[in-house]
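Read the structure below first, then the notes.
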Ligand code: SF4
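Numbering (the numbering used here), first residue to last: 13 to 453.
Encoded structure:
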């Protein structure tokens, strides 16, 4: 039996310029079935023509796995169609199929989807493969949705959810299963992911983590994390991204991990993570230790700078943390980028973030997007050029971006000055290209 697991090719283009990371979840799934069958992972999110690539390689696979968040789901269906035409069965997993399984099961999409692995996938996927190898029905496999008998079109059967695995039961990711190993970077350094924990006990209203994992926080042993970092390095990584849901939920443990990195002489690697502002603000000692271990980038979940919105989002306690968190990172020469959520019910021009897929009581979706686009143009100005840390930490990447963007901006400025085009024209152009950080400066 041969399995192919595909990453989602739909990426956020502004982010893709800065970092493109291989999919860790698929490598973890592969590790849980590679003793049963042949399994390959294709991280197709860096390919120019991913559909052609999939068409070229898919023949001969019995089962094709696809993962999708909501904005990636339609393309996953297109790839499922290619897989079905090749004669393979399809299995969907990830956030969107998990959270919308009932709806998908009743929809026409279900004709392209043989199975849905809901929630944490490793054990469910393994049992599905075992059942297929034994020629048995998937009835009773916890966490699985499937068609029973001639059930296509009548809705899928949804087996009860599966309890979470103990971390000791989760195998190390199988990076050797990857078919595509180049083209993954953070700035100009090859990157890979290593997870140190799963889940989060907080209940922020906008977040889907607790719908996947409940409000549970499971920690991998520090020894396993170090072993995994070594494996990622052996596979070519010079930079490590920790994609944990909330790595700072236990600040003392993160400090111990940093010390273990130092003790294992792994400070030559460049570490990055996502973290809540309150976690990073909670301990200067922790952030100093992160700097010592080699962290050079943190994506901070600031969510909003507006107290009213933080309360609305379920993060009311965090209102004073963002500034302190940024200061702690700045003191350690760590690049900080922040995530802000715009489009909350009461937002007006004062409150907005980056990508809009919502309208507010005061602004249409298009206005939300246009204002945030203008704000980006104002943010990435000469002051940003002067003070940002990226240029010091990744000078080659920075110089190549300047060479790419300087003529582009010069042309826009000229066209604006001559009155040939307006800011709205440029906005529409960026909207169509999917890169919204360009602006006009
Ligand atoms: S702290 Fe982060 S991971 Fe936890 S629920 Fe809130 S947004 Fe989600």
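Cβ coordinates follow ideal geometry from the N, Cα and C atoms, glycine included. Predicted model, so just to flag it, every value in this text is computed and none were measured.
Residues near residue i in its chain [Cβ-Cβ closer than 8 Å; skip 5 each side]
i: residue 87; result: 20, 21, 22, 80
i: residue 249; result: 202, 203, 204, 281
i: residue 30; result: 198, 199
i: residue 132; result: 155, 174, 176, 177, 210, 224, 225
i: residue 136; result: 129, 130, 153, 154, 155, 156, 174
i: residue 413; result: 29
i: residue 114; result: 170
i: residue 92; result: 76, 78, 102, 104, 124, 125
i: residue 206; result: 36, 237, 240, 241, 244, 252, 253, 254
Span of the alpha helix (DSSP H) around residue i
i: residue 398; result: 394–399
i: residue 391; result: 377–391
i: residue 271; result: 263–275
i: residue 177; result: Residue 177 -> no alpha helix (DSSP H), and no H or E assigned at all.
i: residue 445; result: 435–445
i: residue 28; result: 25–30
i: residue 302; result: 296–305
i: residue 84; result: Run containing residue 84: none; DSSP gives neither H nor E here.
Residue(s) in a DSSP beta bridge with residue i
i: residue 78; result: 18, 104
i: residue 315; result: 352
i: residue 288; result: 313
i: residue 254; result: 285
i: residue 69; result: Answer is none; residue 69 lacks a bridge partner.
i: residue 280; result: Note: residue 280 sits in no beta bridge, so no partner.
i: residue 44; result: The partner list for residue 44 (beta bridge, DSSP) is empty, contrary to what the question assumes.
i: residue 170; result: 157
i: residue 347; result: 309
Delimiting residues of the beta strand (DSSP E) encompassing residue i
i: residue 50; result: 50–54
i: residue 424; result: Residue 424 -> not in any beta strand (DSSP E); alpha helix (DSSP H) instead, spanning 407–429.
i: residue 156; result: 156–158
Chain-order list of residues whose beta-carbon lies under 7 Å from that of residue i (same chain, five-residue window excluded)
i: residue 266; result: 259, 260, 298
i: residue 453; result: Residue placement at residue 453 is flagged as unreliable, the pLDDT there being 47, under the threshold of 50; a coordinate-derived value is accordingly withheld.
i: residue 289; result: 312, 313, 314, 330, 333, 334, 337
i: residue 210; result: 225, 230, 257
i: residue 43; result: 183, 184, 185, 186
i: residue 14; result: 49, 50, 72, 73, 74
i: residue 110; result: 130, 131, 224
i: residue 142; result: 48
i: residue 295; result: 263
Cβ shell of residue i (< 6 Å), same chain only, five flanking positions each side left out
i: residue 359; result: 372
i: residue 104; result: 78, 125, 128
i: residue 302; result: 270
Residue i beta carbon near the ligand NAP (any heavy atom closer than 8 Å)
i: residue 214; result: As far as ligands go, the structure on display features the ligand SF4 and does not contain the ligand NAP.
Within the region 186–252, ranges of the alpha helix (DSSP H) (whole runs, at least 4 residues): For the region 186–252, whole alpha helix (DSSP H) runs of length 4 or above, ordered along the chain, are 221–225, 234–246.
- request: Taking only runs that begin and end inside the region 95–151, name each unbroken alpha helix (DSSP H) of 4 or more residues, in chain order.
  value: Along the length of the region 95–151, whole alpha helix (DSSP H) runs at least 4 residues long occupy 107–111, 113–118, 134–146, reported in chain order.
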